[in-house]
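Notes follow the structure.
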Amino acid sequence: MKVADRMTTPVHTVSSGQSVRYASELMDRLRIGSLVVLEADRVVGILTSRNARSAHPNRIVADAMTPNPVSVEADAFVWDAVRLMDKCGFERLVVMRDGRLAGIVTREALATVLSEWKDPLTQLYRAPYIQAIGEELLTRKEPFHLLFIDLDRFGEVNKRFGHPIGDDMIRGFAQRLKLLFGKEDYLCRYAGDEFIAVTKQPNSIVGQQVAALSGEFEVGPVRVSATVGWISPQSEPDFFRLSFRELILRASLMSTEGKPVRF
Amino acid sequence: MLSIKISEFEMPPMQDMLIIGKKAPIGPEAVRRMAEAVSPEQYTIIRPDHPTIEAVLIRAALLQMIDERTLIEIIMQEADKLICDTMVLRSELKIDISIHREVDLT
Chain A
1 MKVADRMTTP
11 VHTVSSGQSV
21 RYASELMDRL
31 RIGSLVVLEA
41 DRVVGILTSR
51 NARSAHPNRI
61 VADAMTPNPV
71 SVEADAFVWD
81 AVRLMDKCGF
91 ERLVVMRDGR
101 LAGIVTREAL
111 ATVLSEWKDP
121 LTQLYRAPYI
131 QAIGEELLTR
141 KEPFHLLFID
151 LDRFGEVNKR
161 FGHPIGDDMI
171 RGFAQRLKLL
181 FGKEDYLCRY
191 AGDEFIAVTK
201 QPNSIVGQQV
211 AALSGEFEVG
221 PVRVSATVGW
231 ISPQSEPDFF
241 RLSFRELILR
251 ASLMSTEGKP
261 VRF
Chain B
264 MLSIKISEFE
274 MPPMQDMLII
284 GKKAPIGPEA
294 VRRMAEAVSP
304 EQYTIIRPDH
314 PTIEAVLIRA
324 ALLQMIDERT
334 LIEIIMQEAD
344 KLICDTMVLR
354 SELKIDISIH
364 REVDLT
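Chains as they are written, first to last, in this note's numbering: chain A, 1 to 263; chain B, 264 to 369.
See the structure below:
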């Protein structure tokens, strides 16, 4: 899911020298919440209805706008745009394509699509998310590590303690994953008690993460550990010739067979 | 009855300094553009960290005579007593320097 699929077009613009009163009336007439501010065809800011409300209507737009807007490429992933919004604290991003203004995207528009991709139990994304990330990285020939993480004894816990405890185990493990991996890594609950992490961290860091995941920790009455299948261009010579699905399959076999991971 | 008052338009119209409140009807960028149009490269905008004052437009030459931080600190202290956030204050600012030197008259 790319930003271009969710951006608003056409983009309505206003010159930085026009009055806030004019811009407010324009937003009212078009029933929109923001305008992209231009100076000699260059994007210099965004004027939101909130900006306009808090400024004197006689001011010029340059004195009321949010300057230096953050932009995102039209072919960026929706979740990368959300990460960018979280990082800079903005609710809107300007969308660029080939150096030209292509649209505008709001957090609200992205939140709807992202909620469809989230697993309600863990708040991690679901399988299609990691599939899209992996395919894109393979297309770009960007090396990464794929970790297929399979919880140990999940079925046994469910039988012995009941499904609510099983759910706690899944939630607790997801929390541990979030703590272990950084904002630049991609995580998903792939299915049931299986998780996938895609990371571009150095080998040594990934080795530590795998070791931490394999170690036991407690969630309520249960001791939790996981078996990790780890595949990367270093361990798999055909890495960039394989499909992402095939990489997942191989990593999942490694975890199922409990093979020792290769460093 | 017709009444006409005529006086000379001051150039530049903003004297040495304008102090701009945060909700003033004219903002710093508009003031900067105005100053740039009537007196190119003569004025500079400073944005102090102040609850009421958004910016100060000041004659750039003054900043060559006195340290910017010192000057802004004095301006903030004095303007703070007068300004509210919807106002723009116009101000003259003169710096007098007295020089005394001992010279050898022989």
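Every residue gets a Cβ at the ideal spot worked out from N, C-alpha and C, and that includes glycine. Owing to the predicted nature of the structure, the values given are computational and were not obtained by experimental measurement.
{"Asked": "Interface partners of I338/B on chain A, CB under 7 Å", "Found": "Near I338/B there are no residues of chain A at all, since even the closest Cβ is about 20 Å away, more than 7 Å."}
{"Asked": "Below-8 Å beta-carbon distance, E292/B vs any chain A residue", "Found": "yes"}
{"Asked": "Beta-carbon separation (whole angstroms), M277/B vs A293/B, contact threshold 8 Å", "Found": "So it is not a contact: roughly 12 Å between Cβ atoms."}
{"Asked": "As assigned by DSSP and simplified to three states, the class of D279/B", "Found": "coil"}
{"Asked": "Distance, M85/A Cα to M274/B Cα", "Found": "46 Å"}
{"Asked": "F263/A at chain B interface by Cβ criterion, 8 Å", "Found": "The pLDDT assigned to F263/A is 39, lower than 50, so where the model puts this residue is not dependable; a value taken from the coordinates is nonetheless given after this. No, no contact with chain B."}
{"Asked": "Boundaries of the alpha helix (DSSP H) in which I130/A is found, first to last residue", "Found": "A127 to T139"}
{"Asked": "Ranges of the alpha helix (DSSP H) found wholly within the segment 93-121 of chain A, counting only runs of at least 4", "Found": "107-116"}
{"Asked": "Three-state secondary structure assigned by DSSP to L35/A", "Found": "strand"}
{"Asked": "Contacting positions in the segment 283-317 of chain B - beta carbon closer than 7 Å to chain C", "Found": "Structure shown: chain C not included; protein chains present are A and B."}
{"Asked": "Helix, strand or coil at H145/A [DSSP, three-state]", "Found": "strand"}
{"Asked": "Under 8 Å by beta carbon: chain B residues contacting V68/A", "Found": "The sequence shown places Asn at residue 68/A, not Val. Neighbours of N68/A on chain B: none; closest Cβ ~13 Å, over 8 Å."}
{"Asked": "Any C-beta of chain B under 8 Å from that of N51/A", "Found": "no"}
{"Asked": "Chain-ordered chain B contacts of N58/A [CB-CB under 8 Å]", "Found": "P288 and I289"}
{"Asked": "Opposing strand residues paired with K2/A [DSSP bridges]", "Found": "F77/A"}
{"Asked": "Residue burial classification, N203/A (beta-carbon count within 10 angstroms, cutoff 16)", "Found": "exposed"}
{"Asked": "A40/A: contacting residues in chain B (beta-carbon distance under 8 Å)", "Found": "The contacting residues do not exist; A40/A stays about 14 Å from chain B at best."}
{"Asked": "W79/A versus I358/B: straight-line alpha-carbon distance, rounded", "Found": "57 Å"}
{"Asked": "Cβ-Cβ distance between V43/A and L101/A below 8 Å", "Found": "yes"}
{"Asked": "Residues near E194/A by beta carbon distance below 6 Å, same chain, minus five either side", "Found": "D150"}
{"Asked": "P67/A, DSSP secondary structure in three states", "Found": "strand"}
{"Asked": "Proximal residues to F154/A (C-beta, below 6 Å), its chain only, five neighbours per side dropped", "Found": "D193"}
{"Asked": "Any chain A beta carbon closer than 8 Å to V319/B", "Found": "no"}
{"Asked": "Alpha-carbon to alpha-carbon, I282/B and R126/A", "Found": "55 Å"}
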